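Quick notes on the structure that follows.
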Amino acid sequence: MFDNICKFLAENFSTDFATWLLGEPISLTELSPSELSLEPIRADALILLESTELVLHLEFQTQPDANIPFRMIDYRLRVYRRFSEKQMRQVVIYLKETNSELVQQNTFTIAGTRHEFEVIRLWEQPTEVFLRYPGLFPFAVLGETDDRARTLQQVAQEIIAIPDQRLQRNVAAATAILAGLVLEKGLIQRVLRRDIMRESVIYQEIEAEAKAEGRAEGLQEGIRRVAINLLKSQMPLAEVAKLTGLSVEDVQLLQTEIEGEST
């Protein structure tokens, strides 16, 4: 979820991100991983934005990941293979505070090869930086602050002042979700208007995914109940598996459950 929110923000507020990370409001467009020579390692977490002269590669992380240095050099070479004339900035942004040494790593090193990239730990960034641009509002509560609840209230006031309602809704929803990394749900709902968030594209997508998962879980539960009934009627395991689409191993587990209940 957090990967998707960060990706949504970077792609829809690319100028805000460029101003923050590159120092100037460069117009950036999304670069699809399919344009590179190889399949992406983690397409869900990969954010590539490009201008005529530069490619900006972002990786947002909620947890430390020992594979980050390799991913950085891997994508640097992929982009060079496709756009050798373009500069590239690579930034790993850690969202949640941790004492892990992995979040300090900014190089990939093997014998004869050394590659450097940038690392930003949000909890070390002044909150004022994120209060300047709507696309960065959701990160403010994760920044360097002694009072996250008060910072969330500041963000809420900035969101209310956004004149574009669609923009307002999406920023509010993104803020609520990212704030969940460091604040309790009840506090977030008291500060941010739920009615505004529920109308956002982000919340609608989350609800659609939840409903789809619920339907899938309901279907699986239905199949499970049918299999149990068939087993109780003394139907052979292989036939139950064939009729329900379950594996023989799964049917055997259900049979064990039934036998356990009867003892």
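Using our numbering, the first residue of the sequence shown is number 28, and each one after it goes up by one. Beta carbons are placed, not taken as given, at the ideal position from N, Cα and C, and that holds for glycine. Just so it is clear, the structure is predicted and the values come from calculations on it, not from any experiment.
So who's on the other strand from residue 134, going by DSSP bridges?
-> The residue you call residue 134 lines up with position 107 of the sequence shown. Residue 134 is bridged to 143.
The region 168-177 touching the region 190-198, judged by at least three CB pairs closer than 8 Å = These segments do not touch.
Pull up the CB-CB distance for residue 40 and residue 153, whole angstroms please, since I reckon it's below 8 Å.
-> As a first step, residue 40 is located in the sequence shown; it is residue number 13 there, counting from the start. As a first step, residue 153 is located in the sequence shown; it is residue number 126 there, counting from the start. Going by Cβ atoms, the distance from residue 40 to residue 153 rounds to 19 Å, so no, they are not a contact pair.
Just curious, the alpha helix (DSSP H) that residue 77 is in, first and last residue?
-> One-based indexing of the sequence shown puts residue 77 at position 50. Taken as a continuous stretch (DSSP letters only), residue 77 belongs to no alpha helix (DSSP H), being part of the beta strand (DSSP E) at 73-77.
DSSP state of residue 217 mapped onto helix, strand, coil = In the sequence shown, the residue the question calls residue 217 occupies position 190. If DSSP states are grouped into helix, strand and coil, residue 217 belongs with the helices.
Looking at residue 267 and residue 254, is the spacing between their C-beta atoms short of 9 Å?
-> The residue labelled residue 254 in the question sits at position 227 within the sequence shown. The residue labelled residue 267 in the question sits at position 240 within the sequence shown. Taking 9 Å as the Cβ cut-off, residue 254 and residue 267 qualify as a contacting pair.
Terminal residues of the alpha helix (DSSP H) in which residue 107 lies | Residue numbering aside, residue 107 sits at position 80 when the sequence shown is read from its first letter. That run of the alpha helix (DSSP H) goes 95-109.
Express the C-alpha separation of residue 273 and residue 118 in angstroms, rounding to a whole number.
-> By 1-based counting over the sequence shown, the position of residue 118 is 91. By 1-based counting over the sequence shown, the position of residue 273 is 246. The alpha-carbon separation between residue 118 and residue 273 amounts to approximately 44 Å.
Can you list, in chain order, the residues of its chain whose CB lies under 8 Å from that of residue 158, leaving out five sequence neighbours each side?
-> As a working mapping, residue 158 is identified with position 131 in the sequence shown. Result list for residue 158: 164, 167, 181, 182 and 185, in chain order.
Local conformation of residue 87 per DSSP, three classes | As a first step, residue 87 must be located in the sequence shown, where it is residue number 60. It is a strand residue.
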